[in-house]
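In the working numbering, the protein residues as written are 4 to 145.
All residues carry an ideal CB built from backbone N, CA and C; glycine is no exception.
Owing to the predicted nature of the structure, the values given are computational and were not obtained by experimental measurement.
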Amino acid sequence: MKTTGWLRSLLTMGRRNRPEGPADAEPYAPELMSLLELARLVAGRRYSERVASAYVEVVTFASADEIVAMLKVMLEEDWMGLPPWARNLAFRLACLQRPSDVELLRIAATDLHAFGPDWDDIAAEMQRRADRMEAGQESNLS
Numbered sequence: 004m005k006t007t008g009w010l011r012s013l014l015t016m017g018r019r020n021r022p023e024g025p026a027d028a029e030p031y032a033p034e035l036m037s038l039l040e041l042a043r044l045v046a047g048r049r050y051s052e053r054v055a056s057a058y059v060e061v062v063t064f065a066s067a068d069e070i071v072a073m074l075k076v077m078l079e080e081d082w083m084g085l086p087p088w089a090r091n092l093a094f095r096l097a098c099l100q101r102p103s104d105v106e107l108l109r110i111a112a113t114d115l116h117a118f119g120p121d122w123d124d125i126a127a128e129m130q131r132r133a134d135r136m137e138a139g140q141e142s143n144l145s
């Protein structure tokens, strides 16, 4: 069956940066890795669009416990290793799943503040919210 140019490009879309054959195949499959394994790849020399895409997909559907565990390990291994976009996304998703977790909110705010100054106002508001929650002045849905 002969395919036209536009159909061929449609069929190969998404495979442009992927290896064509087993000789060039990557020794790992990001799509099958755990959140921690992907975070280590995002933080390391093996970073690629494919790894970033797999990280985003896995962290998006991970539980707060998984995300917090990954962040704890990554921050202990190399505090600066995980790129700000990856850590901000992870903290954001964990905080959304645990809106009443004052400790998590404070840790996320401190981390966000460390990578400012663009996010300093947001980090300060997160700290104030944690203070209000701890004092019992704010419900967890506010």
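Alpha-carbon spacing of residue i relative to residue j, whole angstroms
| i | j | result |
| --- | --- | --- |
| Pro120 | Leu96 | 21 Å |
| Trp88 | Gly139 | 32 Å |
| Ala72 | Ile110 | 13 Å |
| Leu108 | Trp82 | 18 Å |
| Lys75 | Glu52 | 24 Å |
| Glu137 | Asp123 | 21 Å |
| Val59 | Ala126 | 22 Å |
| Pro33 | Val54 | 6 Å |
| Leu38 | Phe94 | 13 Å |
| Ser56 | Met129 | 28 Å |
Residue span of the alpha helix (DSSP H) that contains residue i, given as start and end
| i | result |
| --- | --- |
| Glu128 | 123 to 137 |
| Phe94 | 87 to 100 |
| Glu34 | Neither: Glu34 is in no alpha helix (DSSP H) and is coded neither H nor E. |
| Arg53 | 52 to 63 |
For residue i, the three-state DSSP class (helix, strand or coil)
| i | result |
| --- | --- |
| Ala117 | helix |
| Asp68 | helix |
| Met4 | Legend: pLDDT at Met4 = 48, less than 50; position of this residue unreliable, no value from coordinates given. |
| Trp48 | Note that residue 48 corresponds to Arg in the displayed sequence, not to Trp. Three-state result, Arg48: coil. |
| Met73 | helix |
| Gln140 | coil |
With 16 other Cβ atoms within 10 Å as the buried cut-off, status of residue i
| i | result |
| --- | --- |
| Ala99 | The sequence given here places Leu at residue 99; Ala does not occur at that position. Per the 10 Å Cβ criterion, exposed. |
| Leu35 | exposed |
| Ala112 | buried |
| Ala46 | buried |
| Phe64 | exposed |
| Arg132 | buried |
| Asp68 | exposed |
| Arg48 | exposed |
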